[in-house]
Structure formats: structure tokens, C-alpha cells
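Every letter in the sequence shown is one number past the one before it in my numbering, and letter 117, counting from 1, is 309. Encoded as C-alpha cells, the structure appears first; notes follow it.
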Amino acid sequence: MELIDLFKKILQAKSETPDDGGLLDFVAEYLNDFTAVRLDANGVKNLFVYKTFGEGEHLCFAGHVDVVPAGEGWSVDPYAAVEQDGYIYGRGAQDMKSGFTAFLQAVKETEHFNGTLSLLLTSDEEGPAKHGTLEVLKYLDEQKMMPDACIVAEPTCEEVFGDAIKIGRRGSINGVIEKHGKQGHAAYPEKATNPIHKVAQVLHHMAGVDLDEGDENFAPSKFVVTDIRAGMEVTNVTPGKLKMMFNVRNSTKTDQKAIEDFVHKYFSEMNYTLKLDQSAYPFMTDPNTKIVRTIDAAIEKVTGIRPKHSTAGGTSDARYIAPYGVDVIEFGVRNDTIHAPNERTTREEVEKLYEVFKRVIATF
193 MELIDLFKKI LQAKSETPDD GGLLDFVAEY LNDFTAVRLD ANGVKNLFVY KTFGEGEHLC
253 FAGHVDVVPA GEGWSVDPYA AVEQDGYIYG RGAQDMKSGF TAFLQAVKET EHFNGTLSLL
313 LTSDEEGPAK HGTLEVLKYL DEQKMMPDAC IVAEPTCEEV FGDAIKIGRR GSINGVIEKH
373 GKQGHAAYPE KATNPIHKVA QVLHHMAGVD LDEGDENFAP SKFVVTDIRA GMEVTNVTPG
433 KLKMMFNVRN STKTDQKAIE DFVHKYFSEM NYTLKLDQSA YPFMTDPNTK IVRTIDAAIE
493 KVTGIRPKHS TAGGTSDARY IAPYGVDVIE FGVRNDTIHA PNERTTREEV EKLYEVFKRV
553 IATF
């Protein structure tokens with residue numbers, strides 16, 4: 193199948209998380225000379241396919257076939273793969289069916305490789321992500337089949353195709369502070385303890401504050417307040433409790449203990465509780481590893497651009513792969529319309545991404 197025809201076929205599959213839209217069965221059939229292992233769990237569909245060409249290293253391409261719901265506001269059918277005005281439209285066009293298509297076709301056409309090539313695919317990256325990539329990694333670890341290097345084809349480019357790869361990601365720590373006071377009548381504030389007034393006295397020391405200075409690879413870890421609520425939506429009762437929610441996208445310089453100390457610094461004289469949950473840990477792949485050098489060279493050969501190395505943005509399933517000691521990076525098309533109405537990419541970007549992956553396979 194031709195590359196763009198394959199891309200459109202994949203876009204037309206309605207694979208809203210955790211539904212794979214039949215794509216994993218299609219991949220197993222499309223790569224019929226590869227060994228396919230299904231690792232479905234708790235309604236999530238997962239597939240690992242591999243082929244050993246030689247005795248060299250194991251290179252894996254990883255990603256998700258699921259997409260977020262299409263939502264409203266589209267000017268075209270989000271599952272029709274409409275091509276117009278130089279763009280191909282569809283939910284997942286950037287995140288990340290373009291990347292999935294590019295590496296699927298590149299691997300399909302590979303005849304020679306000094307090692308093992310594989311694909312790791314899940315239908316639950318956009319959802320809870322508890323039974324997707326993690327299940328496959330557990331299996332690979334048990335079977336001693338963990339790859340040496342991995343490319344996750346998430347959309348990474350910012351202004352032009354080829355301008356950025358991800359060599360790491362920040363972690364993500366979610367927090368909930370509950371400040372307890374004493375409910376009372378607004379006309380008698382002296383008889384109550386208003387938690388809003390107490391928190392207001394310290395909030396300017398916390399909201400938007402950098403918890404570290406960052407470094408050449410990571411932006412500073414910032415304390416971002418995401419929600420504050422208290423009271424009963426009446427004007428004559430002061431509340432007895434306030435809840436404040438926050439998120440910290442943390443670098444390697446800030447951990448949960450540092451956040452606990454930061455909160456306590458300003459809440460030490462208040463009656464409060466703090467709950468923290470780390471949904472992702474920061475990681476970084478050494479820029480001098482083979483996979484980074486190989487994809488840098490491939491991108492420059494195809495585009496004429498030397499990509500910058502970034503750790504910005506949210507999280508991806510690369511956060512699960514890195515702790516196994518795998519050199520993992522991310523590279524894909526531009527990310528300016530991900531999760532938005534009229535998500536789109538260009539034919540040229542999909543073709544160039546495929547060319548980059550072909551060159552990586554040939555030179556790794």
C-alpha cells in the first residue's frame with residue numbers, strides 16, 4: 193500500500209480510546225512476516241510485533257493508535273481523511289497516526305537490518321494508560337526482549353518539520369491542599385476562621401513560583417495552581433474549608449519532598465493537609481547515545497535542519513520505557529493542532545517522517 197493511502201486508511205479508523213478501531217489486527221496482517229504478540233488487558237488492546245534480521249541491537253518504534261474524541265467544531269468529517277488546501281484532516285492526524293503510519297510503512301519495507309526491529313502499540317495512551325504500554329513492557333522484561341533503543345513517534349516539531357526531538361520529559365506531580373478553618377457568619381468574622389483569608393496571605397508567594405532554576409535540558413519546575421474552591425456560594429457564610437489543587441511539571445531537581453517542604457514553609461501555621469500524586473517521573477536520554485546521534489543525522493539529511501533537543505510539553509508513554517534502561521526519544525510531525533477541531537497535517541510531513549525513519553533503520 194502507498195504511504196498516503198495507508199495514512200488515510202488509518203485516519204478513517206474510529207479508534208477513540210480505548211478502542212483500537214481494528215488497527216492492531218490490521219497491523220498484524222500488514223506485517224505478516226513479523227511475529228505478533230497480543231497482550232490485551234482490562235479492555236485495552238496491545239500489540240508487539242518483531243522480526244530478527246541479525247544479531248545486532250534491538251530497535252523499537254512505539255506509539256498509540258487511540259485518539260481523543262473528535263468533539264465539535266470540525267469543518268470536515270473527522271474520520272473521512274479529507275485532503276484539501278495542502279492538508280490532510282482527521283482526528284489523530286498529528287497525535288499520532290502520522291507517526292504510526294510512517295514507522296509502520298518504514299518497517300514494512302525493510303529488507304535488511306543488523307538486529308531486531310519491532311513495534312510496540314497500544315490503544316490506551318490517551319486514556320488512563322494503566323494497561324497499555326506498561327503491560328507490553330512487563331512482558332518484554334519477563335521474556336528478556338527489552339529493546340536497546342526506542343523511538344516514540346509523538347508529534348514533537350514546533351514551527352517547521354524537523355526542528356525538535358524530545359530526549360526527555362518532565363515529571364508531573366499533582367497536589368491537593370485542604371486548609372481547615374471555622375465556618376461562621378460573615379457579619380461576625382471575629383467569631384470564625386476564614387481559610388480564604390488565610391490562604392490569600394500566602395498565595396502570592398506560591399502561585400507561579402519556580403521551585404528550582406532548571407538547567408540546560410529542563411525548564412524550572414513551576415508551582416501551577418489549577419483550582420481553588422471554598423464556601424457554599426452564598427454571601428453571608430464564611431467557609432470552614434478551602435481546597436486548592438496544583439500541578440508541578442518537575443525537572444530532575446525537584447521531587448515530592450521538595451514540594452512538601454515548599455508548601456509547609458507557607459502553611460506551617462495553618463491547619464492543613466497535603467496529598468501528592470506523581471503520575472510521571474522526569475527522564476532524559478543522553479544526547480550522545482547512538483539513537484540520538486542517528487536520528488539527528490537522519491533529520492538533517494532529510495530536512496536540512498539540525499533539530500534542537502527538548503524536554504518540554506506534557507507526558508507520553510516514553511516515561512514508562514525509560515526506567516527500563518532503554519534509550520528512548522520522541523520524534524514526529526508538528527503539534528500545532530493536536531486534540532483540536534480540524535486536526536491536520538500535510539502530505540509532505542508524513543512523507544518526510546517516513547523518510548527519516550527509513551534512514552534511521554538503514555544507519556542505526
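Heads up, the beta-carbon is just placed ideally off N, CA and C, and yes, glycines get one too.
- Ranked by Cα distance from Phe438, the options Val429, Asp419, Asp447, Lys445 are led by Asp419.
- When the Cα atoms are used, Pro261 and Glu382 turn out to be separated by approximately 51 angstroms.
- Note that the C-beta distance between Lys414 and Glu370 is not below 8 angstroms.
- With respect to the 8 angstroms criterion, Val257 and Leu198 are not classified as neighbours on the basis of their beta carbons.
- The Cβ atoms of Val241 and Ala220 lie closer than 8 angstroms to each other.
- Leaving aside the five residues that flank Leu311 on each side, the residues in its chain whose CB is nearer than 6 angstroms to its CB run, in chain order, Val241, Phe253.
- The Cβ-Cβ distance between Ser502 and Ala392 does not fall below 8 angstroms.
- Within 10 angstroms of the beta-carbon of Met288 lie 16 or more other beta-carbons, which makes it buried.
- Between Gly324 and Val236 the beta-carbon gap is near 5 angstroms, inside 8 angstroms, which marks them as a contact.
- Your pair Arg361 and Phe523 does not check out as a contact, with CB atoms roughly 13 angstroms apart and the cut at 8 angstroms.
- The three-state secondary structure of Thr495, taken from DSSP, is helix.
- Membership of Asp519 in the beta strand (DSSP E) is indicated by the continuous run 519-522.
- When DSSP states are grouped into helix, strand and coil, Tyr458 belongs to the helix group.
- The DSSP-derived three-state label of Gln286 is coil.
- Nearest neighbour of Glu318 by Cα position, chosen from Ala298, Gln470, Asn386, Arg283, turns out to be Arg283.
- Approximately 7 angstroms separates the beta-carbon atoms of Lys433 and Gly373; this is inside 8 angstroms, confirming the contact.
- Of the candidates Lys390, Ile365, Phe218, the residue whose Cα lies closest to the Cα of Thr507 is Ile365.
- Burial state of Lys358 is buried, judged by a 10 Å Cβ sphere holding 16 or more other Cβ atoms.
- Each residue's CA atom was taken as its position, placing Met338 and Asn386 some 55 angstroms apart.
- Of the candidates Arg526, Asp340, Val494, the residue whose Cα lies closest to the Cα of Lys544 is Val494.
- With a contact defined as Cβ atoms closer than 8 angstroms, Phe454 and Leu395 miss out at about 13 angstroms.
- Taking C-alpha positions only, His397 is separated from Val518 by approximately 39 angstroms.
- The C-alpha of Ala450 is placed about 13 angstroms away from the C-alpha of Gln470.
- Per DSSP, reduced to three states, the secondary structure at Leu223 is coil, with no helix or strand assignment.
- Remark: C-beta atoms of Val520 and Val344 approach each other more closely than 8 angstroms.
- CA-to-CA, the gap between Asp340 and Glu249 works out to about 6 angstroms.
- In terms of CA proximity to Arg441, Ala411 leads the group Met424, Arg421, Ala411, Pro431.
- In the DSSP annotation of this structure, the continuous segment of the beta strand (DSSP E) that includes Thr538 starts and ends at 536-538.
- In the displayed model, Tyr271 falls within coil according to three-state DSSP, outside both helix and strand.
- Taking a 10 Å sphere around the C-beta of Asp509, we find 16 or more other C-beta atoms and assign the residue as buried.
- Using a C-beta cut-off of 8 angstroms, the region 273-280 makes no contact with the region 293-300, since fewer than three inter-stretch Cβ pairs fall below that distance.
- In the three-state scheme derived from DSSP, where H, G and I count as helix and E and B as strand, Leu403 is classed as coil.
- Measuring C-alpha to C-alpha distances from Asp447 to each of Ala472, Phe226, Glu461, Pro431 identifies Ala472 as the nearest.
- Under the criterion of beta carbons closer than 8 angstroms, Gly354 and Pro499 qualify as touching, at roughly 6 angstroms.
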